[in-house]
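Student: I have a structure here, written as structure tokens, and I will follow up with some questions on it.
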Amino acid sequence: MKIAIINGPNLNLLGMREPGVYGSQSFEDYYQGLQKKFPEIEFSFYQSNIEGELINEIQKAGFEYDGIILNPAGYTHTSVAIGDAIAAIKAPVIEVHISNVHAREDFRKISHVSAKCKGTISGLGMKGYELAVTWLKDNLSP
Ligand code: DQA
């Protein structure tokens with residue numbers, strides 16, 4: 104089974120960025136542990152701060168991978184185009200947010216992607232990525 108993890112803007116700064124909200128672990132460290140936990144899964148990881156690059160990656164992974172785990176970060180709340188890209192591809196997408204977007208500012212309650220995704224995990228920290236992997240593993244045939 105092949106799973107693509109795609110992270111949006113500012114998530115390259117995880118570990119340094121607002122640790123009170125996002126924790127103190129870098130995504131690279133977390134990703135290493137995730138790969139060890141699921142040795143049977145072929146992962147790829149992509150991060151970009153640029154909306155169009157994220158769309159290119161969603162389009163590519165959407166026809167090459169069995170599932171996508173996407174944290175669109177700030178673009179969640181602004182990007183109709185990322186929502187359209189999710190609707191256009193074959194692979195199911197699980198939206199993950201490290202923080203609980205519903206417990207923060209009102210603008211974070213708006214998502215242009217949630218309705219196009221299989222489901223959303225929000226507020227469970229980095230563990231949300233692992234839970235998304237488990238769901239894809241248990242519910243998709245390779
Ligand atoms: C985030 C939540 C977004 O509102 C925010 O813009 C992010 C990260 C999260 O993982 O909690 O950059 O997607």
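Residue numbers (the numbering used here): 104 to 245. Even glycine gets a Cβ: it sits at the ideal position worked out from N, Cα and C.
Go to glycine 170, then tell me how far its beta strand (DSSP E) extends in each direction, as first and last residue.
Tutor: Looking at the DSSP string, the run of the beta strand (DSSP E) that includes glycine 170 is 170-174.
Student: Residues near the ligand DQA, CB to any non-hydrogen atom under 6 Å, in chain order?
Tutor: Ordered along the chain, the selected set is Asn113, Asn174, Ala176, Gly177, Thr179, His200, Ile201, Ser202, Val204 and Arg211.
Student: Just how far apart, CA to CA, sit proline 229 and serine 244?
Tutor: Reading the sequence as shown, one finds methionine at residue 229 and not proline. Cα to Cα, methionine 229 sits roughly 25 Å from serine 244.
Student: I need the straight-line Cα distance from valine 183 to proline 175, nearest angstrom please.
Tutor: Straight-line Cα distance between these residues: approximately 12 Å.
Student: How would you write the range of the beta strand (DSSP E) that tyrosine 149 sits in, first residue to last?
Tutor: It spans 145-150 - the beta strand (DSSP E) in which tyrosine 149 sits, taken as one unbroken run.
Student: With a cut-off of 8 Å on the beta carbons, I'd call isoleucine 144 and isoleucine 161 a contact; round off their distance for me.
Tutor: Not really, about 19 Å apart at Cβ, beyond 8 Å.
Student: What residue does the beta strand (DSSP E) around threonine 223 start on, and which one ends it?
Tutor: Unbroken beta strand (DSSP E) run through threonine 223: 222-225.
Student: Quick check: what's the CA-CA separation for histidine 180 versus proline 142?
Tutor: Whole-angstrom Cα-Cα distance: 34 Å.
Student: Taking only beta-carbon atoms, is lysine 240 less than 7 Å away from chain D?
Tutor: The chain labelled as chain D is not found in the depicted structure, where only one protein chain is given.
Student: Restricting to runs no shorter than 3 residues, where is the beta strand (DSSP E) found entirely within the segment 152-204?
Tutor: You should have 170-174 and 196-200.
Student: Using 8 Å for Cβ pairs, my map puts glutamine 128 next to leucine 117. What's the rounded Cβ distance?
Tutor: With 8 Å as the limit, glutamine 128 and leucine 117 qualify as a contact, their Cβ atoms being about 7 Å apart.
Student: Does DSSP put asparagine 115 in a helix, a strand or coil?
Tutor: Looking at asparagine 115 - three-state DSSP - the assignment turns out to be helix.
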